[in-house]
Each structure stands twice: as structure tokens, then as C-alpha cells.
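Heads up, the thing below is written out as C-alpha cells.
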Amino acid sequence: MTFDSLQLIDPIRRAIKAEGYETPTPIQAQAIPIVLNGKDLLGCAQTGTGKTAAFAIPILQLLSEQQLQRKGKRNIRALILTPTRELAIQIGESLASYGRYTGLKHTVIFGGVKQARQTDALQNGVDILVATPGRLLDLMAQRFVSLQNLEIFVLDEADRMLDMGFIHDVRKVIAVLPPRRQSLFFSATMPSEIVKLADTILHEPEKVEVTPVSSTVDLIQQWVYFVDKENKANLLIHLLNEKKIENALVFTRTKFGADKVMKVLMRNNIKAESIHGNKSQNARQNALTNFKSKAIRVLVATDIAARGIDVDELAHVFNYEIPEIPETYVHRIGRTGRAGASGTAYSFCETDERKSLKDIQKLIDKVIPVVAEHPYPQSQTPGNEMAKAKPQPQAVSQKSNNFHKSRSNPTDNASEQARASKANSGKRPWYTKVKNNKKG
Ligand code: AMP
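Just so you know, the sequence shown maps onto residues 917 to 1356 in our numbering.
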């Protein structure tokens, strides 16, 4: 499948080429024809699968085809509702990229900042509006937004809307949408409340599903280091320097922890910033911008703050603390290895975190190879004496969940890579598994 076979108009084909995309990702290959056909869509996919382009490209094409006949001030003809400011900005950037030759206009609105620039943009007229629910309702109440000419509605990351308590706001928005419209609904998971919501929004949708989250990890090389809590910062600094890591996303469990790690890195001349829920929207966005532009080397983040972060070419993720919920591990390491790229994830496991590590390995059905040779080995752990006594490489078993038996001791990058490909081989990349079936 190529982009040429998707029957895209020339301005969009040129823009995709300029982006450097060669082949559509599975969600794009499935979803684009459905949307271009004017059908409703239920997409089960998380960020990292290329889902933004899967809806942005056909929306731009549909609106652009009808644009020629329209005169006068632009009306909002497509609304994309998304839970966070970061996602809204990313979707806006995608629309700007893919739509650069279409002449269509879009704007992005979200809370936590003054509204003047947003309302100015709205008053100048836009074809596509990207919004978070709270700010949208606010500006609708002030009559800066009218949705009466809406043709296409996208609900992005529906399950996160639910998680973040936005579902009532979403319902309020849906209540004022014109009933005759095309609707696209995306969610990484489909709990019953989300299925119910989808039923109220969609009309005879076609369903596109990208593989469940757990196989996302197959493309990413993963390593675990057993280390005492008090040595984690030293180990992080050691690895960043030893492996000459240009930029990395480091996950901590708490906001306090994120700040602490950031400060230690700064003291060691490693440029870092932290993002978490206590930071203002502006501070978070600035940190993200600095990270993307490589003005800083490390971004330290909590899980909530980092969800939805999309950084092209992010090759390294560190789990400074092992998450208790195994799915969180998959979300974290999924920040790297986006849309088919490869990446590496390092996890620091202290004694108390071994149970969480076991749960993760069970979920991903894979033993994460252990790097036993490093300058900060754990002082008192059942498996560690073995590591110290016999630092010999051993085969990594994929099936066994007993990581003590299958620990490996890569001592340099080359053996690490070789071991990784062995550990990661034999599985298909996450993005090759797609189902497409009709709903209803
Ligand atoms: P998303 O799932 O929309 O957050 O996209 C994840 C990443 O994949 C983004 O950085 C996109 O720029 C990139 N991407 C989307 N579609 C493609 C494609 N067809 N080929 C290569 N990269 C892509």
C-alpha cells in the first residue's frame, strides 16, 4: 500500500511527500478511504500509530474539494475535540503540515492561557477548529464559536476524556452539533462507557482497530538495571554520558521525584526540565518546545504530563521508577519507536519494584534482559550475587517470566545491540497487525 493508491489530491500528496512519509501506517491505510467515502468511523488506536494523519488527511481533502464553491467568511466545518493542550497543539501542527497547499485555515483553542489570540483567530474565520472541551464550551458560551455549519466531528482520545473527567463537557458539545454530520471517534481502549458514548455519536460506523497496546513494545529494545534507589541518579548520569545519549525522556512516579531528578541532572551539567501537573500550561509547553528543539537534553516527566507527548526521533526512554500499572510501562516506552522507528527503553529497578517488573513482563509476554554489569549494582538482592560472581552472557528466553534465570550481561553497545535483536526478534512490529471489520 502506498499513499498514491489512496487517491489523494495533489496538494495533499505533495505535503505528505514533503513530510517524508513513504507508506501509510495501518490505521491510515484503513481509515483514509473510509473517511473519504463520507462514512462514520470508530478507530481503536493510540497515539504513535499515525492516527492524527489518519483523520487529518481525509478531512483536509474533503473540505478542500468543497472549498472552491464557497464564498464569504469561513465557517467552522470540522471540529476536532481532544483532551489536552499538548495534543491539540500537535494536531494543529499536523494540519499545518498536511494542509499547507490546500488554502484551508485552522486554529487551536485550549484553556490555561488568555483567550484573546484564540478569539482573534476565530473571528478571522477558520475551516477547522481543534479544541479542548472546557475552552470550547467557554468560547461557545461567549458566542465566539458557532458550530451550525459543522460537517465533520472528530472525538480524539475518548478514553482519556473519560479518565480526565471531561466526559460531561464532551456530551455538552455533542448536544449542540448538527445532527447531519460525519463523525470520527478514536480511543485507545474501549471500556463500556466509551462504547456507549460512541453509540450516541456514530451512525453505522466502520471499525478500524490497530493492535492492542501490549505488542507496541516489540519494536523497542528494552533493558533493566537492578540498582538501589539512592544510586538511580548516578546510574542515569552514567548512562546518559557513557552512551552519549543526545536526548531522553525520563519517567518518574511523582511530581516531587521529577523535580528532584531534574535538579540532580542540572547540577551535573546535563540540561534538563521537568513537566508535571503542578506546572503551568505555559511552563509545560516551553519545556516540551525546548526538548523538541534540543535546547535541553533531558525531559523528566510524570505519566499524566507525558501522555500524548509526540517527539519525532526520540530514541531513549528511561523508567527511573518502575510503574505499578503494567500498561503504563507500555505507554511510557511507546514515546519512543513512534510510527515504526526503533528506540531503546532503560528501566531502573530497585528491590521494592521487582513485583511491578514481573507484572510488566507478564503483560508484554517477554523477559526484559538485565544489564548486570554497571557501576551501581544493587547491594542486597537475591539475583545480584550471581551477577557479581559470574558476569557471563546468557541466552535471553522470551517465554520465561523468570528474569533471574535469563539475565544477560551486555557489557558494551555491540553486545547490547546483538542481544536486543535476539530478545526482540521473531515478533512482528506492532503496527503490522490490523483488523478491519464493520460494526453493526
Ligand atoms: P500519531 O499517532 O498521530 O501521534 O503519529 C505518530 C508519529 O508518526 C508522528 O510523529 C507522525 O509525524 C508520524 N507519522 C504519521 N504518519 C506517518 C507515516 N505514514 N510515515 C511515517 N511517519 C508517520
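C-beta: ideal position from N, C-alpha, C; glycine also.
| query | result |
| --- | --- |
| Within the present structure, is the beta-carbon of Gly959 separated from the nearest heavy atom of the ligand AMP by less than 8 Å? | no |
| State the Cα-Cα distance for the pair Glu1357 and Thr1116, rounded to the nearest angstrom. | Residue 1357 is absent from the structure shown; the chain starts at 917 and stops at 1356. |
| When you compare each of Gly1019, Gln944, Arg1183 and Val1143 to Thr1267 by their alpha carbons, which one comes out closest? | Val1143 |
| Is it buried or exposed, Thr1170, if we count other Cβ atoms within 10 angstroms and call 16 or more buried? | exposed |
| Could you compute how far the alpha carbon of His1022 sits from the alpha carbon of Ser1196? | 25 Å |
| Assign Gly1259 to one of three DSSP states: helix, strand, or coil. | strand |
| Which term fits Ala1221, buried or exposed, when burial requires 16 or more other beta carbons within 10 angstroms of its beta carbon? | buried |
| Taking the alpha-carbon positions, what's the Pro1049 to Lys955 distance? | 24 Å |
| Please confirm whether any heavy atom of the ligand AMP lies closer than 8 Å to the CB of Ala947. | no |
| Compute the Euclidean distance between the alpha carbons of Val1166 and Leu1071, then round it to the nearest angstrom. | 30 Å |
| Could you check the C-alpha separation between Asp1328 and Val1287 for me, to the nearest Å? | Residue confidence is low: Asp1328 scores 33 on pLDDT, short of 50, so the model does not pin down where it sits. Its coordinate-derived value is still stated next. The straight-line gap from Cα to Cα measures roughly 10 Å. |
| Between which two residues does the alpha helix (DSSP H) containing Asn1157 stretch? | Lys1148 to Glu1158 |
| On the three-pair Cβ rule with 8 Å, is the segment 1171-1184 touching the segment 1145-1163? | yes |
| Taking only heavy atoms of the ligand AMP into account, decide whether any of them is closer than 8 Å to the Cβ of Lys967. | yes |
| Report yes if the C-beta distance between Leu1038 and Leu1055 is below 9 Å; otherwise report no. | yes |
| Following a CB-centred definition, is Pro974 positioned closer than 8 Å to any heavy atom of the ligand AMP? | no |
| From Leu957 to Pro1293, what does the alpha carbon distance come to, in whole angstroms? | 51 Å |
| Rounding to the nearest angstrom, what Cα-Cα distance links Tyr1262 and Pro1094 in this structure? | 48 Å |
| Please indicate yes or no: does the CB of Glu935 lie closer than 8 Å to some heavy atom of the ligand AMP? | yes |
| If distances are taken between C-alpha atoms only, which option among Val1283, Val1024, Pro942 and Leu1230 comes closest to Lys1210? | Leu1230 |
| Under the criterion of a Cβ to heavy atom distance below 8 Å, does Gly1015 qualify as lining the ligand AMP? | no |
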